[in-house]
DNA sequence: TTCGGAACGGAATGCTTCGTTCCGTTCGAA
DNA sequence: TTCGAACGGAACGAAGCATTCCGTTCCGAA
């Protein structure tokens, strides 16, 4: 006997499936709308999703609830990207690639810009803490790889993401390109050298053979 | 016989002087308020200036008028700083110093962020054009000085300023510091090398003496 | 000293924008 | 055939804000 929900697994079916599709449509529309304007009216989300307002309120008790959900999703995305980046063998590549992906997905607009418009849950607090720890780990790994300026700290990543997120033109794809360009300049400024000097760096005592006693 | 205005040149005098002081107070308050929030209510400006709303409307026909004035002032500041920077003998120093001053003064928030909220005057259009030309000149001089990446274009300056202007914390002075830090990273990324290699760069034919025929 | 009016403070007005609620309708599932 | 989950969208009420209006103050000229 099937459960009340999920009875029809087929992609197109009756009311239940339509509702499930609306779930996704609303979330996607909300993401797009609030990414474009963090204090857009809720009606804009409904319109973009192609549904009525009540379809929205059936799922979220209030606008604040919806924003909380979006922000938390963004936070989880950040954490996931950071974890994936830590799995990258090269510390600098992991760091740079992480930033590119986070900037591309505009995670910053979903998290920092939305936070403050609602009271966060405890779980969000924990995830934010974890995000911070992961960022620190990424920075340290990049530094240990010898490619990151030693005076860069975890919080600098926040500044950098804020700066990229601020860049915006009407066309989303062009926005992404411009942010990538800006990020490239920032990464160049963050790196001690790009590309790095090839080969292992000179070691102590590597050149004093000249002064060694010959036998 | 003195003209109706300007009768009393003394700093502290009657109603006329008070009005003159209000002129300045209102402009300063407006700058501070709209710098903090580009769509703050006009009442906030009046309150910050310590005057009533009517004192404001006596001077500006509408909110739009006030914003236009602020934006134009910012634009003029930009042009003035650019002209001063072009007088600097070192092209790179002129470029970098210009950016630091413009970022410190938060000129970007006064111009780009306010533009679009009103219809600009013709003079503003001319000044904006001039600002663009001056920026191009600054970029070219920095490039000719051999310190700027050759693939940097005029519009990159806008991106850069936008990124810096986005950085903001409650304390204005701390905001300035953080922006300076961010700008330093950007400048490092913009520079081909910092500090530049000392001495004149190697010239062609400078090393082929080894292969010259000895006489 | 007198008096016109420049300058002002701030309440009142009218409008727009929004979040949220409410009600009538639709149509899949049993 | 019937029930109710899922909707669409108008209606409501609160809030924010630019602008206007009116009564008051007090400088400055006569």
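Residue numbers (UniProt numbering), protein chains in the order written: chain A, 1 to 215; chain B, 1 to 215. Virtual Cβ for every residue (Gly too), placed ideally from N, Cα, C.
Quick one: grab the DSSP three-state call for residue i.
| i | result |
| --- | --- |
| residue 4(A) | Residue confidence for residue 4(A) is low, a pLDDT of 36 falling below 50, so the modelled location carries little weight and cannot support an answer. |
| residue 191(B) | strand |
| residue 114(A) | coil |
| residue 70(A) | helix |
| residue 220(A) | Because residue 220(A) is not part of the residues shown, which for chain A are 1 to 215, the question remains open. |
| residue 88(A) | coil |
| residue 119(B) | coil |
| residue 106(B) | coil |
| residue 50(A) | coil |
Quick one: list the residues of chain A neighbouring residue i, beta-carbon separation under 7 Å, in chain order.
| i | result |
| --- | --- |
| residue 188(B) | 189 |
| residue 185(B) | 186, 189 and 190 |
So residue i packs on residue j, CB below 8 Å; how close in whole Å?
| i | j | result |
| --- | --- | --- |
| residue 148(A) | residue 190(A) | 6 Å |
| residue 45(B) | residue 35(B) | Contact flag wrong, Cβ pair sits at about 11 Å. |
| residue 111(A) | residue 68(A) | Not quite, the Cβ-Cβ distance comes to about 11 Å (not below 8 Å), so this is no contact. |
| residue 175(A) | residue 157(A) | Not quite, the Cβ-Cβ distance comes to about 20 Å (not below 8 Å), so this is no contact. |
| residue 103(A) | residue 179(A) | 5 Å |
| residue 82(B) | residue 27(B) | Incorrect: roughly 22 Å between the Cβ atoms, too far for contact. |
| residue 75(B) | residue 128(B) | 6 Å |
| residue 50(A) | residue 25(A) | 7 Å |
| residue 166(A) | residue 116(B) | Between residue 116(B) and residue 166(A) the Cβ distance is about 15 Å, and since that is not below 8 Å, they are no contact. |
| residue 38(B) | residue 113(B) | 5 Å |
| residue 30(B) | residue 86(B) | The Cβ separation is near 30 Å, so there is no contact. |
| residue 91(A) | residue 142(A) | 5 Å |
Does the beta carbon of residue i come closer than 9 Å to any beta carbon on chain A?
| i | result |
| --- | --- |
| residue 156(B) | yes |
| residue 16(B) | no |
Would you say residue i lies against chain B (beta-carbon separation less than 9 Å)?
| i | result |
| --- | --- |
| residue 164(A) | yes |
| residue 4(A) | Below a pLDDT of 50, predicted positions are generally treated as unreliable, and residue 4(A), at 36, falls in that range; the measurement from the model is reported next regardless. Not one chain B Cβ lies under 9 Å of residue 4(A). |
| residue 10(A) | At residue 10(A), the pLDDT of 37 sits below 50, so the modelled position is not reliable and the matter cannot be decided from this model. |
For residue i, return the contacting residues in chain A, with the cut-off set at a CB-CB distance below 8 Å.
| i | result |
| --- | --- |
| residue 159(B) | 167, 178, 181 and 182 |
Could you check where the alpha helix (DSSP H) with residue i kicks off and where it finishes?
| i | result |
| --- | --- |
| residue 139(A) | 122–144 |
| residue 36(B) | 15–36 |
| residue 148(A) | Premise fails: residue 148(A) is in no alpha helix (DSSP H) and is neither H nor E. |
| residue 57(B) | 53–59 |
| residue 40(A) | Segment: none, residue 40(A) is in no alpha helix (DSSP H) and carries neither H nor E. |
Could you tell me whether any non-hydrogen atom of the ligand NAP is closer than 8 Å to the CB of residue i?
| i | result |
| --- | --- |
| residue 174(B) | Within the structure as shown, the ligand NAP is missing, as the structure has no ligands at all. |
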